[in-house]
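Everything in the sequence shown is counted per numbering that gives the first Met the number 0, starting at 0 for the first residue and increasing by one.
Structure first, then comments.
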Amino acid sequence: MINAAGKQLKVVGSMGAGYDHLDVEKLKQRKIKVSNTPNVLSCAVADMAIGLALAVSRNILHGHNAILENKWIVNHPAWMCGPSLEGSTVGIVGLGAIGSKIARRIRTFDINQLLYNNRHQHPDVAGDLEAKYVPLDQLLAESDFVFLTIPITSETRHLLNLDKFKRMKSTSILINVARGEVVNQDDLVTALQTKMIGGAGLDVMTPEPLPPNHPLFKLPNVVLSPHVSGATYRAREAMAVLAAENICNALNNLQLLTPIC
């Protein structure tokens, strides 16, 4: 696209917080301005992350399917039981805009403890949220729910692999609203198949879309969503407006509101 556009390409306005799909270095070399739309979709993504956590832990899809298949079991106290957010330890990997929104929301579920891991500690934000910074391995070992909200980089690619899954509780639930490649997906399948961890809610996968008959489709302890965590009318409108404002600013030689380069 960059080559096809030629010298007339002045700005690239990406609708989304992540920009791993862009060749930023090449765009920078050609002095093309690049922007994204962070923050405006943080609430929508945080809502989806917690929705996935509830869908997995409370067996919402299994309950829905049981009704459709006429398999509703009456007066069985243990039927469809699952882990509770109440009294749990929650770990957030990446306490940025989205991670902070998840933390603020998850506090209302009367959790016991909130842990976080980040490239840099955020004492001001963490203090307000009563979140405790811990090393990643400790977070994985102690958390009942683990939320991934970090960007994909060379350092975070396959951050969670079989070694990390072995450190997690056998009942823990992994929620990924970051990028699929943050997790070694083959290792995740193994961890889920062998009950190394309790379950997973994934809005992001590798590749996207997943090929037919992928092993994740056959696992009862997984809830999948087609990378739509930012798909609310409010978020999409805000993203479009911000992207347009960045483009207009670039074409008028004004400073970008949310520049990448």
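Ideal Cβ placement from N, Cα and C applies to all residues, glycine included.
Per DSSP, the beta-bridge partners of V89 are L113 and F144. The beta-carbon distance between S99 and L135, rounded to whole angstroms, is 18 Å. This is too long to meet the 8 Å contact definition. Annotation: N183 to N252 spans about 42 Å, alpha carbon to alpha carbon. Annotated three-state conformation of Y132 is strand, per DSSP. The beta carbon of N58 sits closer than 6 Å to the beta carbons of M79 and G81 from its chain, once the five residues preceding and following it are set aside; these are given in chain order. Only residues of its own chain outside the window of five on either side were considered, and among them L8, K9, V10 and V11 have a CB closer than 7 Å to the CB of I31, listed in chain order.
Annotation: the continuous beta strand (DSSP E) that includes L223 extends over V221 to L223. Rounded to the nearest whole angstrom, the C-alpha separation of T88 and F144 is 7 Å.
Relative to I97, the option among A177, K163 and P214 whose CA is nearest is A177. DSSP places A199 inside the beta strand (DSSP E), whose first and last residues are G198 to L201. Beta-bridge analysis with DSSP links K32 to V10. The DSSP-derived three-state label of N252 is coil. By the Cβ test, the segment 190 to 204 is in contact with the segment 49 to 68, since at least three Cβ pairs between them sit closer than 8 Å.
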